[in-house]
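Each remark here refers to the structure printed beneath this line.
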Amino acid sequence: MASMKGENVTVSAAAAPRMKKLASMLCMKGGNGDGSYLNNSQAQALHARRMLHFLEETLDAMMERSSSDKLFTAADLGCSCGSNSLFIVDVIVRRVSEAYESRGRDAPEFQVFFSDLPSNDFNTLFQLLPPLLAPVAGSLEECLAAGEGAATATRPYHAAGVPGTFYGRLFPGESIDVFTSTFSLHWLSQVPEEVGDSASPAYNGGRVFVHRATEAVAAAYKRQFQADLARFLRSRAREMKRGGAMFLACLGRSSGDPADQGGAGLLFGTHFQDAWDDLVQEGVVEGEKRDSFNIPVYAPSLQEFRDVVRADGAFAIDRLELVRGGSPLVVDRPDDAAEVGRAMANSCKARGPGCSWTRTSASAAARSCSSGWSGARRGTRGSSWRRCTSSTWFARSLSRHNSIANGCV
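Take 4 as the starting number for the sequence shown in my numbering and just add one per residue.
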């Protein structure tokens, strides 16, 4: 067991095989179908736009202390297969170019790495990229809006994909100027082993998530998150150039209790829990199959995040706060139960197609979600689903992103 500075932050080499197994299975749903991540990530796009000023402040601070170079390298970790990663990259390229121009210098060449697990649909992501041409008029967002094949649809950076887990090394030493990772770090490298062990005090039998679980289960999830974050920081510290910066955003919570995951508990827990319980009650699956399913997601508190960063010691936190946002569902008619039900079902499918037990739960959640929302008009369980997915709930949960900016290695 390799240990870092600070209490309760440990990194185990024995976890590597389990991490590799999960990393080969998990991914957002690829392609461009109704249930794809590409067509069900509009809410993430809205949240990203609300946090743009944090990213811009991070870049501004980095440019003030960094020396000019002819090549600027950025890496987006957990890029998935939608257009949101391209939007973030465009902000970086534009802001850094403006900083160079304000100094009377020519903008550098840009190299951007898009990184995610090997199971990610990189083909769909790269099909969204305009061709590399220069000079570029307007932002990447404007170029994309111009339409496929249009003369103005160009990008001002070289692009490459890097498959692999960000809980380990991905790049050569001191090779990256800025790292970004949005809506990814709440995904754990693995479900805590003791959570699935029926002989363990931390066994999470009958439940599929940490929200409202026992103290032992919550502690296991917390330890897993902190160990994962420690691995993440150690890897980035070796890969980042001196004076570089890092912008991270993930689900967070205001409660000090790890078992109170706030809105994340409803998003990742309630829907899947009800779906599995329905399948067990209907005799479609055995209870043991449900008990083998646990969602590898954890929304940390600010203090939990801060503790790991300080224990690592390689990074200084410039800004760390909870940010409130809107609903994770983007629909034209929010009062239309059928439309919202379809949107929620597709959202569940988009988040979990990677392995057999995830597909089972996602399909079950989709069915439960659709039937629940239809029932909203009949006064059945659907009414509770509607309350759970109100904009107020999501304002308390999904918008709570933890942002750490910059670290000098």
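Backbone N, C-alpha and C define an ideal beta-carbon position, used for all residues, glycine too.
Whether residue i touches residue j by CB criterion (8 Å)
{"i": "residue 212", "j": "residue 275", "result": "yes"}
{"i": "residue 111", "j": "residue 75", "result": "yes"}
{"i": "residue 170", "j": "residue 234", "result": "yes"}
{"i": "residue 58", "j": "residue 308", "result": "no"}
{"i": "residue 129", "j": "residue 82", "result": "no"}
{"i": "residue 65", "j": "residue 247", "result": "yes"}
{"i": "residue 91", "j": "residue 157", "result": "no"}
{"i": "residue 311", "j": "residue 191", "result": "no"}
Alpha-carbon to alpha-carbon, residue j and residue i
{"i": "residue 93", "j": "residue 301", "result": "29 Å"}
{"i": "residue 69", "j": "residue 181", "result": "11 Å"}
{"i": "residue 132", "j": "residue 208", "result": "45 Å"}
{"i": "residue 253", "j": "residue 261", "result": "15 Å"}
{"i": "residue 243", "j": "residue 318", "result": "11 Å"}
{"i": "residue 228", "j": "residue 279", "result": "25 Å"}
{"i": "residue 285", "j": "residue 210", "result": "17 Å"}
{"i": "residue 313", "j": "residue 283", "result": "44 Å"}
{"i": "residue 236", "j": "residue 273", "result": "31 Å"}
{"i": "residue 303", "j": "residue 107", "result": "43 Å"}
{"i": "residue 324", "j": "residue 230", "result": "21 Å"}
{"i": "residue 88", "j": "residue 79", "result": "7 Å"}
{"i": "residue 202", "j": "residue 221", "result": "17 Å"}
{"i": "residue 185", "j": "residue 200", "result": "32 Å"}
{"i": "residue 322", "j": "residue 53", "result": "16 Å"}
{"i": "residue 438", "j": "residue 56", "result": "Nothing in the structure corresponds to residue 438, since the chain is present only between 4 and 412."}
{"i": "residue 61", "j": "residue 290", "result": "48 Å"}
{"i": "residue 288", "j": "residue 168", "result": "32 Å"}
{"i": "residue 205", "j": "residue 315", "result": "27 Å"}
{"i": "residue 50", "j": "residue 63", "result": "21 Å"}
{"i": "residue 67", "j": "residue 305", "result": "27 Å"}
{"i": "residue 198", "j": "residue 255", "result": "21 Å"}
{"i": "residue 215", "j": "residue 179", "result": "40 Å"}
{"i": "residue 239", "j": "residue 281", "result": "43 Å"}
{"i": "residue 217", "j": "residue 263", "result": "10 Å"}
{"i": "residue 223", "j": "residue 297", "result": "12 Å"}
{"i": "residue 162", "j": "residue 320", "result": "29 Å"}
{"i": "residue 104", "j": "residue 97", "result": "11 Å"}
{"i": "residue 126", "j": "residue 166", "result": "12 Å"}
{"i": "residue 102", "j": "residue 114", "result": "17 Å"}
{"i": "residue 189", "j": "residue 265", "result": "13 Å"}
{"i": "residue 195", "j": "residue 292", "result": "17 Å"}
{"i": "residue 95", "j": "residue 327", "result": "23 Å"}
{"i": "residue 172", "j": "residue 241", "result": "8 Å"}
{"i": "residue 100", "j": "residue 193", "result": "39 Å"}
{"i": "residue 299", "j": "residue 338", "result": "32 Å"}
{"i": "residue 164", "j": "residue 77", "result": "12 Å"}
{"i": "residue 257", "j": "residue 219", "result": "20 Å"}
Coil, strand or helix - residue i by DSSP
{"i": "residue 302", "result": "coil"}
{"i": "residue 278", "result": "helix"}
{"i": "residue 188", "result": "coil"}
{"i": "residue 91", "result": "helix"}
{"i": "residue 73", "result": "coil"}
{"i": "residue 183", "result": "strand"}
{"i": "residue 129", "result": "helix"}
{"i": "residue 319", "result": "coil"}
{"i": "residue 2", "result": "The structure shown has nothing for residue 2, since the chain only spans 4 to 412."}
{"i": "residue 289", "result": "coil"}
{"i": "residue 120", "result": "coil"}
{"i": "residue 325", "result": "coil"}
{"i": "residue 173", "result": "coil"}
Exposed unless 16 or more other CB atoms sit within 10 angstroms - verdict on residue i
{"i": "residue 225", "result": "buried"}
{"i": "residue 121", "result": "exposed"}
{"i": "residue 187", "result": "buried"}
{"i": "residue 259", "result": "exposed"}
{"i": "residue 109", "result": "exposed"}
{"i": "residue 267", "result": "buried"}
{"i": "residue 119", "result": "buried"}
{"i": "residue 295", "result": "exposed"}
{"i": "residue 72", "result": "exposed"}
{"i": "residue 277", "result": "buried"}
{"i": "residue 124", "result": "buried"}
{"i": "residue 410", "result": "Caution applies to residue 410, whose pLDDT of 34 falls short of 50 and renders its modelled position unreliable; the value that the coordinates give is listed next. Counting Cβ neighbours within 10 Å, residue 410 comes out buried, since at least 16 surround it."}
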